[in-house]
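**Q** Residue numbers (the numbering used here): 340 to 730. Okay, here's the structure, questions in a sec.
Pasting the structure below:
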């Protein structure tokens, strides 16, 4: 992600240079002062990251929150003014300058709206999954999927999670599937008040959870005082105390009468950490996970990262795979039947339902937020999946 910010910053800094040069004598002190201030603002996230890297020995939760606000200010102060800078830099026509100013104003309004309103404007997406393999006893089985809470970056975590729990409970789920990234950096983000509200989720059978890339302690800088392994163990212990079933590469079975379905959970593979936001496919061996799972049983697989779907289907005929991770990069715009997002540049599959010869993948857009405290169009999602037995 940092390379995207770096490219944007450099491009906008150059546009600002051309813009100011057009309206101020580049040999004057005034030009030097203005362009110096603009460049500091343009490079704000990179400067902040460099300072944090040099001066901090760890990544505390408060630093993630501050970083999010730095990025939000960057979006408003830098990304939003780019249309005006480009307009002034490329033409002397005043009406184009005015148009650039109007676009800048609209962008600023969108970013503020995305932080104040869209960030917690929870949407319920209803999806029907039909399969001839699904036993009749499970016809109408209701699964609520939630993903990517990122508790450490929530602005009012206790209030937000309580509202999410109320919405999930109103859907009367037989099962809840949580597909990873409960925390943003470390297990201690689940403090006592947060633990109490996490206990409010209700379901008939079980709440199944898998570990995401933020849950494995990868972003802990001081790994001596808290190792990634210890962080993950404590986070799993917290979820076990909540009554959640954390599936670390194992399978469980839900029964209805004489019939049953299988639930398989895949933990985030550490081997994928460097490729988690890449379009590259990483081959991960999953044979051991599915070794004892019958192939004729209807299977639901939980995997935080959707890129594993190709590996899953190459190993085992999982009927329905549920994933998260992408968040639609918290930016998505719907134009007719098209939904556009920067995620398309990095991911083959990034949001919603995918069907491959009767095997399904559903990617939930997540609930929380990372990098910046807003969601531009990509509303936080709670998914209700209803299973239907196809005769």
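Cβ atoms here follow ideal geometry from the backbone N, Cα and C, with glycine treated the same way.
Under the assumption that residue 529 contacts residue 490 (Cβ atoms under 8 Å), give the Cβ distance between them as a whole number of angstroms.
**A** Right, their Cβ atoms sit about 6 Å apart.
**Q** Under 8 Å by Cβ, that's how I've got residue 418 and residue 446 pegged, so tell me the actual separation to the nearest angstrom.
**A** 7 Å
**Q** Whole angstroms is fine: what's the gap from residue 519's alpha carbon to residue 630's?
**A** 23 Å
**Q** If you count every other CB in all the chains shown that lies within 10 Å of the CB of residue 696, and 16 or more means buried, which is it?
**A** exposed
**Q** Tell me the DSSP secondary structure of residue 355 in three-state form.
**A** Reduced to three states, the DSSP call for residue 355 is helix.
**Q** Starting from residue 586, trace the beta strand (DSSP E) in both directions and tell me its first and last residue.
**A** DSSP places residue 586 in no beta strand (DSSP E); its state is neither H nor E.
**Q** Alpha carbon to alpha carbon, what distance is there between residue 654 and residue 487?
**A** 26 Å
**Q** With distances taken Cα to Cα, identify the nearest neighbour of residue 526 among 400, 423, 657.
**A** The shortest C-alpha to C-alpha distance from residue 526 to any of 400, 423, 657 is the one to 400.
**Q** Just the Cα atoms here: how many angstroms apart are residue 726 and residue 685?
**A** 30 Å
**Q** State the start and end residues of the unbroken beta strand (DSSP E) segment that holds residue 372.
**A** Counted as a single uninterrupted DSSP element, the stretch harbouring residue 372 is not any beta strand (DSSP E) but the alpha helix (DSSP H) occupying residues 368–381.
**Q** Is residue 571 helix, strand or coil by DSSP?
**A** helix
**Q** Using a Cβ-Cβ cutoff of less than 6 Å, which residues in the same chain neighbour residue 664 once the five nearest sequence positions on both sides are dropped?
**A** If we look at residue 664 and ignore the five residues flanking it on each side, its Cβ neighbours are 643, 644.
**Q** Provide the residue(s) that pair with residue 662 in DSSP beta bridges, ordered along the chain.
**A** When DSSP reads this structure, residue 662 sits in a beta bridge with 702.
**Q** With 16 other CB atoms within 10 Å as the buried threshold, where does residue 605 fall?
**A** Buried, by the Cβ-count rule.
**Q** When DSSP builds the beta bridges, which residues end up paired with residue 720?
**A** 462
**Q** For the ligand NAD, is there any heavy atom lying closer than 6 Å to the beta carbon of residue 641?
**A** Among the components of this structure there are no ligands whatsoever, and the ligand NAD is therefore not found.
**Q** Check this for me: beta carbons of residue 632 and residue 670, under 7 Å apart or not?
**A** no
**Q** Counting C-beta neighbours from all protein chains within 10 Å, is the total for residue 522 16 or more, i.e. buried, or is it exposed?
**A** It counts as buried.
**Q** Going by C-alpha distance, which of 531, 474, 627 is nearest residue 497?
**A** Taking each of 531, 474, 627 in turn and checking the Cα distance to residue 497, the smallest one comes out for 531.
**Q** Return the chain-ordered ranges of every alpha helix (DSSP H) run that is complete within the region 490–528 and spans a minimum of 4 residues.
**A** 496–509
**Q** What does DSSP give as the partner residue(s) for residue 738 in the beta ladder?
**A** Nothing about residue 738 can be read from this structure; the chain reaches only from 340 to 730.
**Q** Mapping the DSSP letters down to three states, classify residue 454 as helix, strand or coil.
**A** helix
**Q** Which same chain residues end up closer than 8 Å to residue 379 when comparing Cβ atoms and leaving out the 5 residues on each side of it in sequence?
**A** 386
**Q** Taking the continuous alpha helix (DSSP H) assigned at residue 598, which residues delimit it?
**A** No alpha helix (DSSP H) contains residue 598, which is instead part of the beta strand (DSSP E) from 598–605.
**Q** So with Cβ pairs under 7 Å, would you call residue 557 a contact of chain B?
**A** This model lacks chain B altogether; it includes just one protein chain.
**Q** Check whether the region 578–589 and the region 540–555 are in contact - that is, three or more C-beta pairs closer than 8 Å.
**A** yes
**Q** Just to confirm before moving on: does the CB-CB distance between residue 724 and residue 503 stay below 7 Å?
**A** no
**Q** I'd like to know whether the C-beta atoms of residue 608 and residue 623 end up nearer to each other than 7 Å.
**A** yes
**Q** To the nearest angstrom, how far is it from the Cα of residue 565 to the Cα of residue 559?
**A** Taking the straight line joining both Cα atoms gives about 8 Å.
**Q** What's the C-alpha gap between residue 705 and residue 361?
**A** When rounded, the distance between both Cα atoms is 44 Å.
**Q** Please go through the region 397–447 and give each complete alpha helix (DSSP H) segment of 4 or more residues, from N-terminal end onward.
**A** 400–413, 421–429
**Q** Would you mind stating whether residue 692 and residue 466 have Cβ atoms separated by less than 7 Å?
**A** With contacts defined by Cβ atoms closer than 7 Å, residue 692 and residue 466 form a contacting pair.
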